[in-house]
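Asks: Residues 1 to 375 in our numbering are what the sequence shown lists, from first letter to last. My questions all concern the structure below.
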Amino acid sequence: MKSLLSKIAAVTFVGIFGLTWGAEQNLAKAESLQKVMIRMSADIPPPPMPTSVAMEWFKKKVEAEFPSGSKVRIYYAGALYKDPDAMTALSQGNLEMGWLVSGKTAATDIWLSIIGQPGVLTTTGAVHNLANSATGKMLIKRLKDKHNIEAFGFANISFALGMAGKKRLLTLKDLKDQKIRTFAAGVNPTVSAWGASPVVMSFGDVPSALESGVIDGVITSIGGWRSITEQTPYYTVAGLSTVAFDQYWVGASAKWMSKYNKTTQNKIRSLMAETIKYQNQLNWCNDEFAIKAYKTTDPSKPGIYQATSAEAAPLQKAIGTNVADFLKGKLPDEADAWVDRYLKDGRADSVKFKPGTDPLESTDCSKYVDLLKKK
Numbered sequence: 001m002k003s004l005l006s007k008i009a010a011v012t013f014v015g016i017f018g019l020t021w022g023a024e025q026n027l028a029k030a031e032s033l034q035k036v037m038i039r040m041s042a043d044i045p046p047p048p049m050p051t052s053v054a055m056e057w058f059k060k061k062v063e064a065e066f067p068s069g070s071k072v073r074i075y076y077a078g079a080l081y082k083d084p085d086a087m088t089a090l091s092q093g094n095l096e097m098g099w100l101v102s103g104k105t106a107a108t109d110i111w112l113s114i115i116g117q118p119g120v121l122t123t124t125g126a127v128h129n130l131a132n133s134a135t136g137k138m139l140i141k142r143l144k145d146k147h148n149i150e151a152f153g154f155a156n157i158s159f160a161l162g163m164a165g166k167k168r169l170l171t172l173k174d175l176k177d178q179k180i181r182t183f184a185a186g187v188n189p190t191v192s193a194w195g196a197s198p199v200v201m202s203f204g205d206v207p208s209a210l211e212s213g214v215i216d217g218v219i220t221s222i223g224g225w226r227s228i229t230e231q232t233p234y235y236t237v238a239g240l241s242t243v244a245f246d247q248y249w250v251g252a253s254a255k256w257m258s259k260y261n262k263t264t265q266n267k268i269r270s271l272m273a274e275t276i277k278y279q280n281q282l283n284w285c286n287d288e289f290a291i292k293a294y295k296t297t298d299p300s301k302p303g304i305y306q307a308t309s310a311e312a313a314p315l316q317k318a319i320g321t322n323v324a325d326f327l328k329g330k331l332p333d334e335a336d337a338w339v340d341r342y343l344k345d346g347r348a349d350s351v352k353f354k355p356g357t358d359p360l361e362s363t364d365c366s367k368y369v370d371l372l373k374k375k
């Protein structure tokens, strides 16, 4: 009898052990990294533009750290989708990821234009607090709830957005009657306030438009300008967010993300957080390198000219409340309070986060010299 009970106990133990081991194996299998196939759309030039360099870094990390066969295909200069269409494709699950400009995607959801008000976020720290601000959180939630898009966060375009031109575009007289490319409808009121004619255009169409005379100048980042310096040798900066302000937002189709287990999802999120941080460093350093290499103190000569506060003042005064008024005229009534709140909170953050206090401003750029060299 004792022998029989011992045998039963042994069989029971083996059975329980087998079930437990099997469950653990299944759990481990379910939570292992899965192979991913990612198409990423961006309406920006290819490397050495810093954002493109960061995206290529993301591609290499994914293909090295995810299971064999994982691939990332990056489509630059709107080759696959322009930004508004890329946002729609993300919503529908027809595109995996996008590195998109808020102002451009406002053509799909006008609420994304709220953060494009110039003269609000005027310090590095204030810009980096956008995702933590009430407006930033609202927009990220809106992308998920209204568009089925998971936003990984905002990324810097440039702290030196300016005007590239065939001639120097510095004064209201310089700008009068000029045809200026803008990257989003929300920038148009600024250009119009200066007496110029705004032309919304994808960056991929800019070179040919400059050649044909469709446009005379371009509002862009230093990174974008460096790809068109032969056509627009003059670049003018009037301080952080004076000429224009915008941010990238990086997102993925929530429908696509839901296909993967938590381990895979979290790995994607983690890598993208690293990529955004890396991109911000590259953009910062690219601006520093370009200003050092192309800086001129004579506005009549080609290169990057940093306007004095006195020179920038007429431009800022001319803008007035044009952008806020434009936004309120386009947005639904319930968004008006957000336009005002962003203005109030953003200016408060610009006082709270003082210049020189953000870690990005202490970046050692020497390690990126070769990486960002124009080929």
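The beta-carbon is built from N, C-alpha and C at its ideal position, and this holds for glycine as well.
Could you compute how far the alpha carbon of N148 sits from the alpha carbon of K344?
Replies: 29 angstroms
Asks: Measuring CB to CB, does M138 end up less than 8 angstroms from W99?
Replies: no
Asks: Buried or exposed, going by whether 16 or more other CB atoms sit within 10 Å of the CB of N132?
Replies: exposed
Asks: Could you name the residues of the same chain whose beta carbon sits closer than 7 angstroms to that of S366, not counting the 5 residues immediately before and after it, in chain order?
Replies: There are no such residues.
Asks: On a CA-only basis, which of T220, K166, V323, I38 is nearest M49? Give me that one, please.
Replies: T220
Asks: Which word fits N129, buried or exposed, when buried means at least 16 other C-beta atoms lie within 10 angstroms of its C-beta?
Replies: buried
Asks: With a Cβ-Cβ cutoff of 8 angstroms, do K179 and V214 count as a contact?
Replies: yes
Asks: Could you spell out the range, first to last residue, of the beta strand (DSSP E) harbouring M253?
Replies: Here residue 253 is Ser; the residue named in the question, Met, does not match the sequence. Taken as a continuous stretch (DSSP letters only), the beta strand (DSSP E) holding S253 covers 247 to 253.
Asks: Do the segment 354 to 364 and the segment 260 to 272 meet, that is, are 3 or more Cβ pairs less than 8 angstroms apart?
Replies: Inter-segment contact for the segment 354 to 364 and the segment 260 to 272 is absent: fewer than three beta-carbon pairs are separated by less than 8 angstroms.
Asks: Identify which residue in S113, G125, A79 has its Cα closest to the Cα of D246.
Replies: S113
Asks: Starting from the N-terminal side, write out each stretch of the alpha helix (DSSP H) that is 4 residues or longer and does not extend beyond the segment 302 to 336.
Replies: 309 to 319, 322 to 330
Asks: Can you tell which of P302, T297, N322 has its C-alpha closest to the C-alpha of Q311?
Replies: Reading the sequence as shown, one finds Glu at residue 311 and not Gln. Per the Cα distances, T297.
Asks: Please name the residue in Q34, E31, D43, K35 whose C-alpha comes closest to that of Y248.
Replies: D43
Asks: Look at the Cβ atom of V101, then the Cβ atom of A185, and state whether they are nearer than 8 angstroms.
Replies: no
Asks: Please report the straight-line C-alpha distance between A54 and T236, rounded to a whole angstrom.
Replies: 26 angstroms
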